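Enquirer: One structure, pasted below without further comment.
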Amino acid sequence: MNFRNKHRWSIILTYCIGWTLAFIFLSIIRGIGATEDGAFDFDFKTSVLYSVIMGPIFGAISGYAQIYINERIYKRASARKLFLIRISSSLLFILILILISYIIIPPLFSVDISFIDFVVDDGSLPIYIYVFCVDAFMGAFSQINLMLGGSNLWKIFRGKFYTPHEEHRIFMFLDLQSSTEHAERLGHLKYSMLIRDCFNDLGVVIENEAEVYQYVGDEAILTWKLEDGLRNQNCINAFFNFKNRLLKKQQYYKENYSLVPFFKAGLNDGVVAATEVGKYKKEIAYHGDTLNTAARIQGKCNEFQQELLISESLKTKLDLKNNHVELLGDIMLRGKQANVQIYSVSNSILS
């Protein structure tokens, strides 16, 4: 199973667990010290059984809907349109809940009731409101997790980044080539649309287990835990997968921007400090010379007319038998006291 599918299954599993817990919580509220107003007298055990059965079903439906919105709609829709889509999907979700519940609950309680009476049953409205609120919460939770990236939301909840700690990571600084020229020719609005499209296509690097650390202007910073980046040469293949993605869509870029975007990248690995920063806007930050060196290496791409440069430290950890690797020499990098050996990487089997 590739990483993209693992990510999808992770979302679906989260929704299945979330909805099961939500239904169990509802069972506790309804089953302990409460009297049912509707036609169905749920005892606590039956309600929990229903929760365990229906939770995964609705979690799978809701999770798949969220994946579809994230991958097919989110990047193309305005905030207003996305809000309306979310409301519509929640109402559709409630309708599906009603249909499935109507199939299961009346036979379970041996109650003969019409569909309309079932829908407007006295005990139904609070459940509809509860389901709508839970669906809205799950959607908001998913969007916050998407904004923070990866599993960082869960790490923040655990307080992992409250105190700085060390991590060995790989960083890639990725920058649009000829960005100033493109910006002057396109104008800032059109240029912003170009960057947006490029960074949407950068999503292909999820196949290589990359985390997007930051977007800074027309530059993106990707990062991996050391073992994830080295596995299957993920940190190298991510660049060429992104490059090939842009080449496959070159007709789109030519028609809309009269150009085909090319990016240059610099990579380095090392130990960094990871911590949570910000008082009014929280984010995860990495600090250390590793990032500065990666940025300086990327800055040498134009000088050596190369699209991908890596440090010797990273090169020694990778198996680059399927790539052409060339030592460019001991290079003086701005802000560094000692020279750094830099290698160019090209001719990937992916390209």
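FYI, in the UniProt record's numbering the residues of the sequence shown are 1 to 351. Just so it is clear, CB atoms sit at the ideal spot from N, CA and C, and this is done for glycine as well. Keep in mind that this is a model prediction, so the values were computed, not measured.
What's the call for alanine 15, buried or exposed, on a 16-neighbour Cβ count within 10 Å?
Expert: The identity of residue 15 in the sequence shown is tyrosine, whereas the question assumes alanine. By the 10 Å Cβ count, tyrosine 15 comes out buried.
Enquirer: Please return the same chain residues whose Cβ sits closer than 6 Å to the Cβ of arginine 231, not counting the five positions on each side in sequence.
Expert: Excluding sequence neighbours, arginine 231 sits near nothing in its chain.
Enquirer: What's the C-alpha gap between phenylalanine 44 and isoleucine 29?
Expert: About 10 Å.
Enquirer: Looking at the structure shown, is glutamate 276 part of a helix, part of a strand, or coil, going by DSSP?
Expert: Three-state result, glutamate 276: strand.
Enquirer: Among the residues of its own chain, which have a CB less than 6 Å from the CB of tyrosine 343, if the five just before and after it don't count?
Expert: Ile310, Lys315, Val325, Leu327.
Enquirer: Across which residues does DSSP place isoleucine 310 in a beta bridge pair?
Expert: Note: isoleucine 310 sits in a beta bridge opposite Leu267, Tyr343.
Enquirer: Among residues of its own chain, excluding the 5 on either side of serine 51, which ones have a beta-carbon nearer than 8 Å to its beta-carbon?
Expert: Answer for serine 51: Thr20, Phe23, Ile24, Leu26, Ser27, listed in chain order.
Enquirer: Keeping to the same chain, check which residues put their C-beta closer than 6 Å to that of methionine 172; ignore five residues upstream and five downstream.
Expert: So the list reads Leu222, Ala265, Leu267, once near-sequence residues are dropped.
Enquirer: Going by C-alpha to C-alpha distance, which of Asp135, Tyr191, Leu247 sits closest to aspartate 201?
Expert: Ranking Asp135, Tyr191, Leu247 by Cα distance to aspartate 201 puts Leu247 first.
Enquirer: According to the neighbour-count rule (16 or more other Cβ atoms, all chains shown, within 10 Å of its Cβ), is glutamate 209 buried or exposed?
Expert: With 16 or more other Cβ atoms within 10 Å, it is buried.
Enquirer: Which parts of the UniProt domain "Guanylate cyclase" (170–298) are runs of the beta strand (DSSP E), unbroken and 3 residues or longer, counting only runs that do not cross its ends?
Expert: Listed in chain order, they are 211–216, 219–225, 263–277, 283–287.
Enquirer: Apart from the five residues just before and just after leucine 194, which ones in its own chain have a Cβ nearer than 6 Å to its Cβ?
Expert: The residues are Tyr257.
Enquirer: Just list the beta strand (DSSP E) runs in the region 63–126, keeping only unbroken ones of 3 residues or longer that don't cross its boundaries, in chain order.
Expert: Whole beta strand (DSSP E) segments, 3+ residues: zero.
Enquirer: Could you compute how far the alpha carbon of isoleucine 349 sits from the alpha carbon of glycine 335?
Expert: Residue placement at isoleucine 349 is poorly supported in this model, since its pLDDT is 48, which falls under 50; the coordinates still yield a value, given next. Between isoleucine 349 and glycine 335, the C-alpha separation is close to 35 Å.
Enquirer: In the DSSP assignment, the beta strand (DSSP E) including leucine 327 goes from what residue to what residue?
Expert: Its beta strand (DSSP E) spans residues 324–331.
Enquirer: Buried or exposed, going by whether 16 or more other CB atoms sit within 10 Å of the CB of threonine 180?
Expert: So threonine 180 ends up on the exposed side.
Enquirer: Taking the continuous alpha helix (DSSP H) assigned at phenylalanine 304, which residues delimit it?
Expert: Counting along the chain, the alpha helix (DSSP H) containing phenylalanine 304 begins and ends at 301–304.
Enquirer: Flag this pair as yes or no: are the beta carbons of glutamine 341 and glutamate 312 separated by less than 9 Å?
Expert: Their beta carbons are under 9 Å apart, which means glutamine 341 touches glutamate 312 by this criterion.
Enquirer: Counting Cβ pairs closer than 8 Å, one from the region 137–145 and one from the region 98–113, do we hit at least three?
Expert: The region 137–145 vs the region 98–113: no contact.
Enquirer: Have a look at glutamine 305 and alanine 285 and give me their C-alpha separation to the nearest angstrom.
Expert: Answer to the nearest angstrom: the Cα atoms are 31 Å apart.
Enquirer: In whole angstroms, what separates the C-alpha of leucine 259 from that of alanine 183?
Expert: Approximately 12 Å, taken between the alpha carbons.
Enquirer: Between the region 159–170 and the region 82–90, do at least 3 Cβ pairs fall closer than 8 Å?
Expert: Not touching, per the Cβ criterion.
Enquirer: With a threshold of 7 Å on Cβ separation, who are the neighbours of glutamate 276 within its own chain once the five nearest residues in sequence on each side are excluded?
Expert: Hits under 7 Å: Ile156, Phe161, Tyr162, Lys282, Ile284.
Enquirer: Pick from Glu255, Phe118, Ile129, Leu174: whose alpha carbon is nearest that of lysine 190?
Expert: Among Glu255, Phe118, Ile129, Leu174, the Cα nearest to that of lysine 190 is on Glu255.
Enquirer: Considering only C-alpha positions, which residue in the set Ile69, Asn339, Tyr253 is nearest to threonine 293?
Expert: Checked all of Ile69, Asn339, Tyr253; the closest Cα to threonine 293 is Asn339.
Enquirer: So, is serine 114 buried or exposed, given that buried needs 16 or more other C-beta atoms within 10 angstroms?
Expert: By the 10 Å Cβ count, serine 114 comes out exposed.
Enquirer: In whole angstroms, give me the CA-to-CA distance for residue 405 and leucine 125.
Expert: Since the first residue shown for the chain is 1 and the last is 351, residue 405 is missing from the structure and cannot be characterised.
Enquirer: Taking C-alpha atoms, which residue in Val48, Leu92, Ile53, Ser47 lies nearest to alanine 65?
Expert: Ranking the options by Cα distance to alanine 65, first place goes to Leu92.
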